[in-house]
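Per my numbering, the sequence shown starts with residue 2, numbered consecutively. Following: one structure in structure tokens, then a few remarks.
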Amino acid sequence: MERASKGIVVDASVAAKWFMPEEDSDKASKILREYADGRIEIPFADLLIYEVANVMRCRPDINGEALAGNTENLLSFSSL
């Protein structure tokens with residue numbers, strides 16, 4: 002599928018909201034859906050995965066299994 006030319010830059014605070022319910026998680030989820038549907042492009046920064054994993058690692062409500070699964074999901078998003 003060819004992606005649209007419209008693009009945005011996503012930082013770790015937005016990407017973390019894809020996995021953790023926080024204020025504005027609904028807006029972050031909308032961005033992810035638009036990316037998955039090919040309506041926007043997201044250039045994933047090299048360090049984004051590490052930054053998001055670190056945010057999740059510091060959260061007491063996210064265990065190691067959830068951290069691993071969420072990190073795998075983020076890796077798959079960046080390869081779409």
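Virtual Cβ for every residue (Gly too), placed ideally from N, Cα, C.
Other residues of its chain near residue i: CB distance less than 6 Å, five sequence neighbours each side excluded
i: Y36; result: I43
i: S79; result: F45
8 Å contact criterion, which residue i and residue j should meet: CB distance rounded
i: I63; j: M57; result: 5 Å
i: I41; j: K18; result: Contact doesn't hold; Cβ gap of about 16 Å is too wide.
Cut-off 7 Å between Cβ atoms - residues of its own chain near residue i, not counting five sequence neighbours on either side
i: N55; result: none
i: V53; result: A13, A16, A17 and L75
i: S97; result: Past the boundaries of the shown model lies residue 97; the chain is included only from 2 to 81, so the question cannot be answered.
CB of residue i within 9 Å of CB of residue j, strictly
i: L75; j: A29; result: no
i: D12; j: A46; result: yes
Boundaries (first-last residue) of the alpha helix (DSSP H) holding residue i
i: D27; result: S26 to A37
i: M57; result: L49 to R58
i: A16; result: A13 to A17
One or two residues paired with residue i in a DSSP bridge
i: E73; result: DSSP lists no partner for E73.
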